[in-house]
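According to my numbering, the sequence shown is numbered sequentially starting from 405. C-beta atoms are modelled at their ideal positions from N, C-alpha and C, and glycine is treated no differently.
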Amino acid sequence: MGISLGLVGLGSFGSAFAPLFKAHPLADRIALCDREPERGARFAENPLFQDKFNPSDAYASLDEICAAGLDALVIITQPWLHAAQAIQAMEAGTHAYSAVPIVSLPDGEEILYWCDKLVETCRRTGKHYMLGETTFYRPQTMYCRRKRDEGEFGHFVYAEGEYLHDVDSPNSNLRQVQASRLASKAGQEWAELSKSYKERGVKSGPMHYPTHSTSGPISVMNAHATRVCAWGFRDPTGDDYFGDSFSDETALFKMSNGATMRICEHRQIGHPGSEIFRVFGTEGSFRENSWRDRGSSTELTVEE
């Protein structure tokens, strides 16, 4: 017997993942949930979903799908909703997976509150929460974790991670992403809610969503931050997308293993885009898709 999954959020982003979850050989029941029913109808009417989807498993609210007796919910809704919805799922006795980030809000203290609440809910309910950060599963990250387990790094000294994603990137234009989100019902609710942050003078920045840059080196070193200091660059052009918030941020982390880590999250940058990390140890290092020690450099291949 396989597992049953509920897919919550079937917008432009969530709909891209629905066929992947449905195709997993261990998933034998798929439920669909979106507050805009026409989104779910696209999959309900798709012949490829018929072997695992029953029309009775189409839901229009989180409350309904939480009561459907599913093993886990896959939450790919708007980022400001992730934490609260994952918590509701676990409280209902269901494991939860969400897209990144855990939650996206202008107020950093509020983000920490939701992170703490999420951890507390996992411990109390015994249910699992998974954050779907793809960098954790990149070939380079898995390769470096294997090298760590083999002791090839020695002691970790220093690491870097960076996510360079210009707001006007032709590959993923963030203005268009924002416009698409705001056009939905949930997006309209967020537009109204966000006014309260502006009234309070709360400003945000890209370091509120650092998982693409941090997850690689953190998972390789298997360490956590003990001290963090960040500096921001404020857009000088008056671009409405950024407002008064930072467009680029760079941070230094002191890690629990004694190493130092530098992280860059840049959204206004003359660069085609980059999501990479580098890790340096006393015996070996990884950078630019190659393994290096004192006497050699080996390019990472598919076989490795």
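### Task
For the alpha helix (DSSP H) holding D687, just list the boundary residues, first then last.
Along the sequence shown, read from residue 1 onward, the residue named residue 687 stands at position 283. In the sequence as presented, Asp is not what sits at residue 687; that position holds Glu. Per DSSP, E687 belongs to no alpha helix (DSSP H) and is neither H nor E.
### Message
Looking at A493: is its Cβ nearer than 8 Å to the Cβ of V507?
### Response
Position 89 of the sequence shown, counted from the start, is the residue given in the question as residue 493. Position 103 of the sequence shown, counted from the start, is the residue given in the question as residue 507. Taking 8 Å as the Cβ cut-off, A493 and V507 do not qualify as a contacting pair.
### Query
Exposed or buried, what is G410 when buried is set at 16 or more other beta-carbons lying within 10 Å of its beta-carbon?
Along the sequence shown, read from residue 1 onward, the residue named residue 410 stands at position 6. If you draw a 10 Å sphere on the C-beta of G410, you find 16 or more other C-beta atoms in it, and that means buried.
### Query
Given that a residue counts as buried once 16 or more other Cβ atoms are within 10 Å of its Cβ, and exposed if not, what is H670?
Locating residue 670 in the sequence shown gives position 266, counting from the first residue. Buried, because 16 or more other Cβ atoms sit within 10 Å of the Cβ of H670.
### Message
If you follow the beta strand (DSSP E) that A627 is in, where does it begin and where does it stop?
### Response
Position 223 of the sequence shown, counted from the start, is the residue given in the question as residue 627. Per DSSP, A627 belongs to no beta strand (DSSP E) and is neither H nor E.
### Bridge partners - R666, DSSP secondary structure assignment
One-based indexing of the sequence shown puts residue 666 at position 262. The partner list for R666 (beta bridge, DSSP) reads E564, L656.
### Alpha carbon of F637 to alpha carbon of P610, nearest angstrom
Counting from 1 along the sequence shown, the entry for residue 637 is found at position 233. Counting from 1 along the sequence shown, the entry for residue 610 is found at position 206. So the two alpha carbons sit approximately 11 Å from each other.
### Task
State the DSSP-derived secondary structure class of T529, mapped to helix, strand or coil.
Counted from its first residue, the sequence shown places residue 529 at position 125. DSSP places T529 in helix when its eight states are reduced to three.
### Query
Fully enclosed by the stretch 410-493, which beta strand (DSSP E) runs are 3 residues long or longer?
431-437, 476-479
### Task
Please look up how many angstroms separate the CB atoms of G685 and W695, rounded, as I've assumed it's under 8 Å.
Stepping through the sequence shown from its first residue, residue 685 is reached at position 281. Stepping through the sequence shown from its first residue, residue 695 is reached at position 291. So it is not a contact: roughly 11 Å between Cβ atoms.
### Query
Which term fits R552, buried or exposed, when burial requires 16 or more other beta carbons within 10 angstroms of its beta carbon?
As a position in the sequence shown, residue 552 is number 148, starting the count at 1. Looking at its Cβ environment, which holds 16 or more other Cβ atoms inside 10 Å, R552 is buried.
### Message
Please classify P459 as buried or exposed, where buried requires at least 16 other C-beta atoms within 10 Å of its C-beta.
### Response
By one-based count along the sequence shown, residue 459 stands at place 55. Classification of P459: exposed, given that the 10 Å Cβ count is below 16.
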